[in-house]
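Here the UniProt record's numbering is used: the first residue of the sequence shown is 1, the next is one more, and so on.
Remarks on the structure that follows.
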Amino acid sequence: MDKIHTHSVVTFDFVARTATGQELDSSVKRGEPLHILMGADNVIEGIEDALLGKSVGDSMNLDIPAAKAYGEYVDELVQNAPRDAFQIDSLEVGDRFNATTEDGEEISVKVTHIDGDSITVDGNHELAGLDLNFSIDVLAVREATEVEVEIGQAIEDEG
Numbered sequence: 001m002d003k004i005h006t007h008s009v010v011t012f013d014f015v016a017r018t019a020t021g022q023e024l025d026s027s028v029k030r031g032e033p034l035h036i037l038m039g040a041d042n043v044i045e046g047i048e049d050a051l052l053g054k055s056v057g058d059s060m061n062l063d064i065p066a067a068k069a070y071g072e073y074v075d076e077l078v079q080n081a082p083r084d085a086f087q088i089d090s091l092e093v094g095d096r097f098n099a100t101t102e103d104g105e106e107i108s109v110k111v112t113h114i115d116g117d118s119i120t121v122d123g124n125h126e127l128a129g130l131d132l133n134f135s136i137d138v139l140a141v142r143e144a145t146e147v148e149v150e151i152g153q154a155i156e157d158e159g
């Protein structure tokens with residue numbers, strides 16, 4: 001396979017940093033590269049867009065705006081609710097759990113403040129509102145299997 005396209009399985013090393021240079025994550029520190037299925041929303045939009053058309057051996061340094069990373073910070077995703085609205089016995093600042101919105105959508109929220117019986121939760125991603133920088137080295141590219149396309153993710157042992 002020459003070029004990365006939708007339904008390619010891509011293996012790459014990466015270093016993720018804030019726009020100010022603070023390192024957030026690294027495949028080297030994790031001890032293994034990342035394996036993704038293109039076209040399945042396995043990574044942020046800015047990375048997937050940049051990988052399209054690339055090949056094994058390509059290296060990139062990407063500046064990705066918040067809108068193409070984890071989205072802009074949305075004030076409406078910060079909500080106050082009474083403690084009894086949560087079906088969790090013990091809540092502490094920093095706890096993360098899934099909550100159901102009024103529309104029935106399940107989102108991950110983080111407890112950001114507790115004031116007596118009032119709990120403040122934030123449904124924004126921890127990196128929402130941040131412009132990010134990624135250094136990426138493409139290590140391998142192959143065609144996805146039918147199973148991978150069906151389940152929407154790369155299987156490391158496939159191919």
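Built from N, CA and C at the ideal position, the CB exists for glycine as well.
Nothing here was measured: the structure is a model prediction, and the numbers come from that model.
Could you give the C-beta distance for residue 94 and residue 109, rounded to a whole number, given that I count them as a contact under 8 Å? Wrong, their Cβ atoms sit about 12 Å apart, outside the cutoff.
Taking the alpha carbon of residue 3 as the reference point, which residue from 78, 150, 58 and 111 has its own alpha carbon closest? Closest option to residue 3, Cα to Cα, is 58.
What distance in whole Å lies between the Cβ atoms of residue 133 and residue 37, which are believed to be in contact at a cut-off of 8 Å? Actually they are not in contact, since the Cβ atoms of residue 37 and residue 133 sit about 24 Å apart, beyond 8 Å.
Between 85, 79, 16 and 33, which has its C-alpha nearest residue 64's C-alpha? Selected option, being the one with the closest Cα: 16.
Would you mind giving the Cβ-Cβ distance between residue 139 and residue 33, rounded to the nearest angstrom? I have them listed as a contact below 8 Å. In this structure residue 139 touches residue 33 by the C-beta definition: roughly 6 Å separates them, less than 8 Å.
Compute the distance between the beta-carbons of residue 111 and residue 127, then report whether it is under 8 Å. Not a contact, by the Cβ cut-off of 8 Å.
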